[in-house]
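Visitor: In terms of the UniProt record's numbering, the sequence shown opens at residue 1 and continues consecutively.
Built from N, CA and C at the ideal position, the CB exists for glycine as well.
I'd like to ask you about the structure that follows.
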Amino acid sequence: MWNKRKQSAPYKSTDSLIGHGGTLEGKVHCDTNLRIEGNFSGEILCQGTVTVGEQGTVHSSIKAQEVIIAGKVYGDVTANQKLIMTETGQLHGNIAAGALSIMEGSVLNGSVAMAEQPATETAGGLQADGSADKAGKRGSHKQNKLEAG
1 MWNKRKQSAP YKSTDSLIGH GGTLEGKVHC DTNLRIEGNF SGEILCQGTV
51 TVGEQGTVHS SIKAQEVIIA GKVYGDVTAN QKLIMTETGQ LHGNIAAGAL
101 SIMEGSVLNG SVAMAEQPAT ETAGGLQADG SADKAGKRGS HKQNKLEAG
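Laid out in structure tokens, this is it:
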């Protein structure tokens, strides 16, 4: 009874922060979110969201699920899901993203490549319920009677 160890709770993931005034160089791998308010140089690989704050400056390639740029980024950015550039965001590099949102006032110097999204409707605008087709047939049928009459 006294020698039994308590089952420890699994570690809870914590977001990472490079704060204002801080400078970091190297390679960052993270499974959680990363926020940069200071300066970073190197490479970023993240399974969560990378946010570059208004005071943040990044000289790095960034690969993440989502990227939000409100500061300055010098390097290529790959966002598997989406990339958001706010009014104060600047990106000097190429983008590869699933979805892209660029707000007025942001600066983008580079090329953009987006993944194709699957089509939601078939070509030709076919409708599943056919109600518009029935109404159209009725109208043309009435018109035929008037012309023949």
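Mapping DSSP to helix, strand and coil, what is Asn109?
Guide: strand
Visitor: I'd like to know if the segment 31-43 and the segment 76-88 are in contact, where contact means that at least 3 CB-CB pairs between them fall below 8 Å.
Guide: no
Visitor: Under a Cβ-count criterion, where at least 16 other Cβ atoms within 10 Å of its own Cβ denotes burial, should Met114 be classed as buried or exposed?
Guide: With fewer than 16 Cβ atoms within 10 Å of its Cβ, Met114 is classed as exposed.
Visitor: With burial defined as no fewer than 16 other Cβ atoms inside 10 Å of the residue's Cβ, what is the status of Ser140: buried or exposed?
Guide: Low confidence applies to Ser140: its pLDDT is 49, below 50, so where it sits in the model is not reliable, and the reading given next is rough at best. Classification of Ser140: exposed, given that the 10 Å Cβ count is below 16.
Visitor: Just confirm the distance between the C-beta atoms of Gly56 and Glu87, as a whole number of angstroms; I'd bet it's less than 8 Å.
Guide: Rounded, the Cβ-Cβ distance is 15 Å, inconsistent with contact.
Visitor: Which value, in whole angstroms, describes the spacing of the CA atoms of Gly21 and Ser111?
Guide: 31 Å
Visitor: Evaluate Leu91 with the Cβ neighbour count: other Cβ atoms within 10 Å of its Cβ, from every protein chain shown; 16 or more gives buried, anything less gives exposed.
Guide: buried
Visitor: DSSP three-state label for Gly98, please.
Guide: strand
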